[in-house]
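Novice: Residue numbers (the working numbering): 1 to 285.
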């Protein structure tokens, strides 16, 4: 039970921006890491295993990205304790963190499957891990905001969140489960929780984004044909740019604020979700 992080340099005196990208071993996460590094950021690539992280860095280096801009970190998000270790390791190495890109996501299994923490696995990996990271990394994110004027959290969501409903009485859907409903609920929860990841006075701006239908491991949930993952990553990275103004808590699609599920802005439901998420991550994290 440990997060394994390669030897990390301290942020440079010149103020090189730093970013943590979760789920960066493939797909949109890998392309996002590539684009951020090419734009001058120091990127911490999160992967589920050490080998997956090392392979991702090798592929980035082969694509022309300098290894000096890349670090790797391994943590299995089906174990909340590893998320906690991950956050502590990043905080120790990076007192300021400019960007957190919550990209890690999995398809819900065919049958309801609980993590070691007792949570439906897609709810945990796709939402609870992001919720916990945003909370535990608030210190370095706020420190970056104080130094530079702003830090950002970008949650990679899905248009499927608009089809979902929160099952408040059975959030793990043990009584009535389908993989599409479970996955869509995890994306709805992530989109709903976005605003609270950036509380007033923190200097953080948090938004969610639909990267579009892309050819990634999640494609079978949506259809047979998707755009290259690089196109989805471009939509994510655009929102990372400091010259692009964002509205905290909003859902973006195609570079603009887009209609979201009505519950995303329903205060009572947001408070209810925050309470539920804290309960689910506090039990074992």
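Even glycine gets a Cβ: it sits at the ideal position worked out from N, Cα and C.
Which word fits residue 169, buried or exposed, when buried means at least 16 other C-beta atoms lie within 10 angstroms of its C-beta?
Specialist: The residue is exposed, with fewer than 16 neighbouring Cβ atoms inside 10 Å.
Novice: Closer than 6 Å by C-beta to residue 44: which residues in its own chain qualify, once you throw out the five before and the five after it? Chain order, please.
Specialist: Here the set comprises 20, 71, 73.
Novice: Please give me, in chain order, every unbroken run of the alpha helix (DSSP H) with length at least 4 that falls completely inside the region 27-107.
Specialist: Those alpha helix (DSSP H) runs which fall completely within the region 27-107 and span 4+ residues are 27-38, 50-62, 80-93.
Novice: Beta carbon of residue 33, beta carbon of residue 24: below 7 Å?
Specialist: Result yes, Cβ atoms of residue 33 and residue 24 sit closer than 7 Å.
Novice: Grab me the residues of residue 147's own chain with a C-beta within less than 7 Å of its C-beta, minus the 5 sequence neighbours each way, in chain order.
Specialist: Closer than 7 Å at the Cβ level, and outside the excluded window around residue 147, lie 96.
Novice: Assuming residue 248 contacts residue 208 (C-beta within less than 8 Å), just tell me the rounded distance between them.
Specialist: 11 Å between Cβ atoms; not a contact.
Novice: Which value, in whole angstroms, describes the spacing of the CA atoms of residue 122 and residue 27?
Specialist: Roughly 18 Å separates the two Cα atoms.
Novice: Check residue 210 in the structure and name its three-state DSSP category.
Specialist: Here residue 210 sits in strand by DSSP.
Novice: Look up residue 4 in the DSSP assignment and say whether it is helix, strand or coil.
Specialist: With a pLDDT of 48 at residue 4, under the threshold of 50, the modelled position of this residue cannot be trusted; read the value that follows with caution. DSSP places residue 4 in strand when its eight states are reduced to three.
Novice: Roughly how many angstroms lie between the CA atoms of residue 184 and residue 110, to the nearest whole one?
Specialist: One C-alpha to the other measures close to 14 Å.
Novice: With residue 269 as the anchor, note down where its beta strand (DSSP E) starts and where it stops.
Specialist: First-last for residue 269: 267-282, but that is the alpha helix (DSSP H), not the beta strand (DSSP E).
Novice: For residue 172, which of 134, 276, 30, 49 has the nearest alpha-carbon?
Specialist: It is 276.
Novice: Quick check on DSSP: helix, strand or coil for residue 239?
Specialist: Looking at residue 239 - three-state DSSP - the assignment turns out to be coil, as it is neither helix nor strand.
Novice: Among the candidates 270, 246, 235, whose CA atom is the shortest distance from the CA of residue 254?
Specialist: Minimum Cα distance to residue 254 is reached at 235.
Novice: Where do the N-terminal and C-terminal ends of the beta strand (DSSP E) with residue 20 fall, by residue?
Specialist: Run containing residue 20: 18-21, per the beta strand (DSSP E) assignment.
Novice: State the CB to CB distance for the pair residue 132 and residue 164, rounded to an integer number of angstroms; the pair is presumed to be in contact (CB under 8 Å).
Specialist: Rounded, the Cβ-Cβ distance is 21 Å, inconsistent with contact.
Novice: Return the CA-CA distance between residue 270 and residue 178, expressed in angstroms with no decimal places.
Specialist: In a straight line, the C-alpha of residue 270 is about 24 Å away from that of residue 178.
Novice: Return yes when the Cβ of residue 99 is within less than 7 Å of the Cβ of residue 152, no when it is not.
Specialist: Yes, the Cβ-Cβ distance between residue 152 and residue 99 is below 7 Å.
Novice: Three-state secondary structure (DSSP) at residue 110?
Specialist: Coil.
Novice: What did DSSP end up calling residue 152 once you bin it into helix, strand or coil?
Specialist: Three-state DSSP puts residue 152 in a strand.
Novice: Which value, in whole angstroms, describes the spacing of the CA atoms of residue 41 and residue 79?
Specialist: About 28 Å.
Novice: Mind checking whether residue 134 and residue 77 have CB atoms under 7 Å apart?
Specialist: Against a cut-off of 7 Å, the Cβ pair of residue 77 and residue 134 comes out as no contact.
Novice: How big is the Cα-Cα spacing for residue 263 and residue 186?
Specialist: One C-alpha to the other measures close to 14 Å.
Novice: So what's residue 196 in DSSP terms, helix, strand or just coil?
Specialist: Residue state, collapsed to three classes: helix.
Novice: Taking the alpha carbon of residue 104 as the reference point, which residue from 138, 281, 190, 197 has its own alpha carbon closest?
Specialist: Of 138, 281, 190, 197, the residue nearest in Cα terms is 190.
Novice: Can you name, in chain order, every residue of its own chain whose Cβ lies under 6 Å from the Cβ of residue 49, other than the five neighbours on each side?
Specialist: Taken in chain order, the residues that qualify are 74.
Novice: What's the C-alpha gap between residue 67 and residue 137?
Specialist: About 24 Å.
Novice: Straight-line CA distance for residue 87 to residue 175?
Specialist: So the two alpha carbons sit approximately 33 Å from each other.
Novice: I'd like to confirm the pairing. Which residues does DSSP put opposite residue 120 in its beta bridges?
Specialist: Residue 120 is bridged to 114.
Novice: Would you say residue 197 and residue 206 are within 7 Å of each other, going by their C-beta atoms?
Specialist: Taking 7 Å as the Cβ cut-off, residue 197 and residue 206 qualify as a contacting pair.
Novice: Ends of the beta strand (DSSP E) at residue 170?
Specialist: Careful: residue 170 lies outside any beta strand (DSSP E) and carries neither H nor E.
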